[in-house]
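Numbering (my numbering), first residue to last: 4 to 178. Each residue gets a CB set at the ideal place from its N, CA and C atoms; glycine is no exception. To start, the structure under review is shown below, and the notes come after it.
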């Protein structure tokens, strides 16, 4: 297995939306690329096209943005196409999911998987009101690190068994 410093690294945007979280993580991706980090971003084609269109002054990003071709958005189609793409990525790579962590696809691959909790309203948990918060909670058991955007949400999860994996998003980007 490769050391963490040698692992290929990927951000995976499992979303067709062009909202705050997507823009924020694209900015992080751009900043990391500027500092020489060998990181790539994986996104559905519709989102990848919009992200690149907003930064025509940085055509070099196109080579580091892996676009999953999709005529229209479907979560199940994205999972199927991403699973196919994973077969071409060396095992033991690092993956960070800003939202909608697809940890089951990494089982048995030896990948380092981390995730973010960007929802600032719903606390992830087994009895959460929405399905996304329940999925986030289940994901905690299968990822190495959990980045939490909201200080309030993080404070509500300090008693969780996965709490030692959690940290507040650095940089004070919470509004």
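- Query: Any idea if residue 144 is buried or exposed, counting beta-carbon neighbours within 10 angstroms, 16 or more meaning buried?
  - Reply: Around the Cβ of residue 144, a 10 Å sphere holds fewer than 16 other Cβ atoms; the residue is exposed.
- Query: Is the Cβ-Cβ distance between residue 147 and residue 96 less than 8 angstroms?
  - Reply: No, the Cβ-Cβ distance between residue 147 and residue 96 is not below 8 angstroms.
- Item | Minimum length 3: unbroken beta strand (DSSP E) runs contained in the region 99-158 | Annotation note: the region 99-158 contains the following uninterrupted beta strand (DSSP E) runs of length 3 or greater, listed N- to C-terminal: 115-120 and 148-151.
- Below 8 angstroms between beta carbons: does that hold for residue 89 and residue 108? Contact flag set, yes.
- Query: residue 15 lies in the beta strand (DSSP E); which residues open and close that run?
  - Reply: Residue 15 -> beta strand (DSSP E) spans 12-15.
- Query: Grouping DSSP H, G and I as helix and E and B as strand, with all else coil, what is residue 31?
  - Reply: The answer is helix: DSSP assigns residue 31 an H, G or I state.
- With residue 49 as the anchor, note down where its beta strand (DSSP E) starts and where it stops. Segment 48-56 is the alpha helix (DSSP H) holding residue 49; no beta strand (DSSP E) there.
- Message: Between which two residues does the beta strand (DSSP E) holding residue 171 run?
- Response: Run containing residue 171: 169-171, per the beta strand (DSSP E) assignment.
- At least 3 beta-carbon pairs within less than 8 angstroms: the region 59-76 vs the region 29-48: Output reads yes: the region 29-48 touches the region 59-76.
- Message: Suppose you measure from the CA of residue 20 to the CA of residue 99; what does that come to, to the nearest Å?
- Response: Their backbone Cα atoms lie some 18 angstroms apart in a straight line.
- Take residue 155 as the anchor and find which of 86, 91 and 122 has the nearest alpha-carbon. Comparing Cα-Cα distances from residue 155 to each of 86, 91 and 122, the minimum goes to 122.
- Query: Mapping DSSP to helix, strand and coil, what is residue 80?
  - Reply: Residue state, collapsed to three classes: helix.
- Message: Please report the straight-line C-alpha distance between residue 38 and residue 53, rounded to a whole angstrom.
- Response: Distance between the alpha carbons of residue 38 and residue 53: 23 angstroms.
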